[in-house]
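Visitor:
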């Protein structure tokens, strides 16, 4: 009966309401990691085996993104709950008077926070398994619509740039602070005359990133997170190589200035290199600004991702 009522509340989008037994169930351990990985893989395999050569095939990418996002949102909800519990624990610590009741309340709250955090990690693990399948299925790195994609113990984190700058200002050493040497990647949405041209461009892009990584072994990749442009190729490359990513999305409230503001934010972290491919005027301005600050630019704005000088030589 309890589970049925929970389902009804969920269907009515009343997820903020909880039943009295929910807290006790939160104290149970999540499933084993291996079981979660096998189950998510099986669900993905069975579901997406239905789509090829049918009318649903064109929807594979959108449905795959949504399936990964399902686990991502579940983990985010648990993490928000942990944040609230952390505030409660701080308050209990401040009010601690040594009495048995106060001590018991604190211990119960800490235990609950630990268990909920385990649940969040379980959903993150399932999300990352689904994200690997998404990458294999579509060739694209899975990136959330907003915010971070971070997992404990996972190197290839995708960190929101605004959270990164805020954490750095506050000197908070947490998951929002990626480690290593920043390398900025920039480029726009391109179209190609043929499949051969597209393949040649992708080969040049990957060759450039591999060469930069040879020079900067501890690099993390900084980009704008445009998953409809060539930045998706760079993001997929980074995920496949276990390289952390720092994503600076556009602040739409700034209108036409949003792109230039993002340039300022990316250059403010003093990258070792700016890797630039063809783009719009915002990309051009990024290159000019980087050179004026003495930042080395790997310029690949020539034909099919080659240096501009290659166009002039013939």
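Residue numbers (the working numbering): 946 to 1259.
Note that the Cβ used here is the ideal one computed from N, Cα and C, for glycine as well.
Does residue 1084 come within less than 7 Å of chain B when only Cβ atoms are used?
Guide: Within the model displayed, chain B is absent; a lone protein chain is all it includes.
Visitor: Does residue 1160 pass the burial test, meaning 16 or more other C-beta atoms within 10 Å, or should it be called exposed?
Guide: Residue 1160 sits at position 215 when you count from the first residue of the chain shown. Classification of residue 1160: exposed, given that the 10 Å Cβ count is below 16.
Visitor: If you count every other CB in all the chains shown that lies within 10 Å of the CB of residue 1132, and 16 or more means buried, which is it?
Guide: Locating residue 1132 in the chain shown gives position 187, counting from the first residue. Classification for residue 1132: buried.
Visitor: How many angstroms separate the CA atom of residue 1156 from the CA atom of residue 1178?
Guide: Here residue 1156 is taken as the residue at index 211 of the chain shown, counted from 1. Here residue 1178 is taken as the residue at index 233 of the chain shown, counted from 1. Rounded to whole angstroms, residue 1156 to residue 1178 spans 16 Å at the Cα level.
Visitor: Roughly how many angstroms lie between the CA atoms of residue 979 and residue 1064, to the nearest whole one?
Guide: Position 34 of the chain shown, counting from 1, holds the residue named residue 979. Position 119 of the chain shown, counting from 1, holds the residue named residue 1064. Straight-line Cα distance between these residues: approximately 15 Å.
Visitor: Distance, Cα to Cα, residue 1118 vs residue 1137?
Guide: Counting from one through the chain shown, the residue named residue 1118 turns up at place 173. Counting from one through the chain shown, the residue named residue 1137 turns up at place 192. Low confidence applies here, because residue 1118 scores a pLDDT of 46, under 50, leaving its location unreliable; read the following figure in that light. Rounded to the nearest angstrom, the two C-alpha atoms are 43 Å apart.
Visitor: Measure the CB-CB distance between residue 1075 and residue 985 and report whether it falls below 7 Å.
Guide: Locating residue 1075 in the chain shown gives position 130, counting from the first residue. Locating residue 985 in the chain shown gives position 40, counting from the first residue. Going by C-beta atoms, residue 1075 is nearer than 7 Å to residue 985.
Visitor: Please look up how many angstroms separate the CB atoms of residue 1164 and residue 1125, rounded, as I've assumed it's under 8 Å.
Guide: Counting from 1 along the chain shown, the entry for residue 1164 is found at position 219. Counting from 1 along the chain shown, the entry for residue 1125 is found at position 180. Between residue 1164 and residue 1125 the beta-carbon gap is near 6 Å, inside 8 Å, which marks them as a contact.
Visitor: Could you have a look at residue 1166 and say whether DSSP puts it in helix, strand or coil?
Guide: Locating residue 1166 in the chain shown gives position 221, counting from the first residue. Correct three-state label for residue 1166: strand.
Visitor: Drop a sphere of 10 angstroms on the beta-carbon of residue 1017, count the other beta-carbons inside from all chains shown, and report buried for 16 or more, exposed for fewer.
Guide: Taking the first residue of the chain shown as position 1, residue 1017 is located at position 72. The residue is buried, with at least 16 neighbouring Cβ atoms inside 10 Å.
Visitor: To the nearest angstrom, how far is it from the Cα of residue 1232 to the Cα of residue 1035?
Guide: If you number the chain shown from 1, residue 1232 lands on position 287. If you number the chain shown from 1, residue 1035 lands on position 90. Going from the Cα of residue 1232 to the Cα of residue 1035 covers about 47 Å.
Visitor: Write down the C-beta distance between residue 1205 and residue 1246 rounded to the nearest angstrom, noting that I regard them as a contact closer than 8 Å.
Guide: On the chain shown, residue 1205 is found 260 positions in, with the first residue counted as 1. On the chain shown, residue 1246 is found 301 positions in, with the first residue counted as 1. Their Cβ separation, rounded to whole angstroms, is 18 Å, which puts residue 1205 and residue 1246 out of contact at 8 Å.
Visitor: The alpha helix (DSSP H) spanning residue 1000 covers which residue range?
Guide: Stepping through the chain shown from its first residue, residue 1000 is reached at position 55. Boundaries for residue 1000: no alpha helix (DSSP H) harbours it, and the DSSP string shows neither H nor E there.
Visitor: Helix, strand or coil for residue 1123? Go by DSSP, reduced to three states.
Guide: The sequence position of residue 1123 within the chain shown is 178, counting from 1. Coil.
Visitor: Consult DSSP for residue 1134 and reduce its assignment to one of helix, strand or coil.
Guide: As a working note, residue 1134 is residue 189 in the chain shown. Three-state DSSP puts residue 1134 in coil, outside helix and strand.
Visitor: In three-state DSSP terms, what is residue 974?
Guide: Residue numbering aside, residue 974 sits at position 29 when the chain shown is read from its first letter. The answer is coil: DSSP assigns residue 974 none of H, G, I, E or B.
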